[in-house]
Amino acid sequence: MQGRLIYLMGPSGSGKDSLLQAARAPLEAHGCRFARRVITRSAESVGEDALGVSPAEFERLQGEGAFALSWRANGLAYGIPREIDDWLSAGQDVLINGSRGHLAAARQRYPDLLAIVLQVDEAVLRQRLLARGRETPEQIEQRLARSRQLQQEERAGTVILDNSGPLPHTVSRLLHLLDEARRCA
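When the letters of the sequence shown are read in order and numbered with the numbering used here, they come out as residues 1 to 185.
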């Protein structure tokens, strides 16, 4: 039986990394795998457990077919290693940190994916982005504008998961959502 791709997405600062870290143990206990993204950002960046590579290294990896999915957003390149295809073929569910702007392309490759949009109140989002200190205020406003645009372009077949409150509540709702999706699959 084929595993299912769980495509978690949301604006930068919505808490995807915190949610992934908090939900990792219970999801792994149910056989779910986590893909580590490759990003053209310094490996020293705080937050996501990602592999940081140079733009040239990313291009080389992409040219070699190392990615099942790849995209560009906010001046960075992102790749999901192709090993997820092996995991899915082995019947394992795979959770990835995806991109709202790349959802259509991901659905073409994985038509049965479960698309989950992590949302957070914009004031909370702005505060989180400022606190992490990765971007300038202008870059933060650009990210917020992109988030509003993508939110308006909401795509059918996505499940909304609010992360404006306490993280344990969001983890609980995510686990419940995945259990429901398994029963309906």
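In this text, a Cβ means the ideal position worked out from N, Cα and C, and glycines have one as well. Only a predicted model underlies this, so the values are computations on that prediction, with no experimental measurement involved.
Pairwise C-alpha distance: residue 142 and residue 148: Roughly 10 Å between the two C-alpha positions.
N- and C-terminal bounds of the beta strand (DSSP E) containing residue 86: Per DSSP, residue 86 belongs to no beta strand (DSSP E); it is in the alpha helix (DSSP H), 83-89.
Separation of residue 85 from residue 8, as counted between CA atoms: Between the alpha carbons of residue 8 and residue 85 lies a distance of about 17 Å.
Short Cβ contact (8 Å threshold) for residue 158 with residue 19: Residue 19 sits away from residue 158, with the two beta carbons spaced by 8 Å or more.
8 Å Cβ shell around residue 28 - same chain, five flanking residues per side excluded: The residues are 34.
Buried/exposed call for residue 125, threshold 16 Cβ in 10 Å: So residue 125 counts as buried.
Contact set for residue 68: own chain, Cβ-Cβ below 6 Å, skip 5 residues either direction: Excluding its 5 nearest sequence neighbours in each direction, residue 68 has C-beta neighbours in its own chain below 6 Å: 80, 82, 84 and 85, listed in chain order.
Alpha-carbon to alpha-carbon, residue 49 and residue 36: Their Cα atoms are separated by approximately 7 Å.
Supposed close pair residue 91, residue 3 - CB separation, criterion 8 Å: Rounded to whole angstroms, the Cβ separation of residue 91 and residue 3 is 5 Å, and the two are in contact under 8 Å.
With 16 other Cβ atoms within 10 Å as the buried cut-off, status of residue 130: Its Cβ having fewer than 16 others within 10 Å, residue 130 is exposed.
Candidates 132, 151 and 32, of which the one nearest residue 11 by Cα: For the options 132, 151 and 32, the alpha carbon positioned closest to that of residue 11 is the one of 151.
Rounded straight-line distance, which links the Cα of residue 52 to that of residue 44: At residue 44, the pLDDT of 44 sits below 50, so the modelled position is not reliable and the matter cannot be decided from this model.
Residue range of the unbroken alpha helix (DSSP H) whose run includes residue 132: Looking at the DSSP string, the run of the alpha helix (DSSP H) that includes residue 132 is 122-132.
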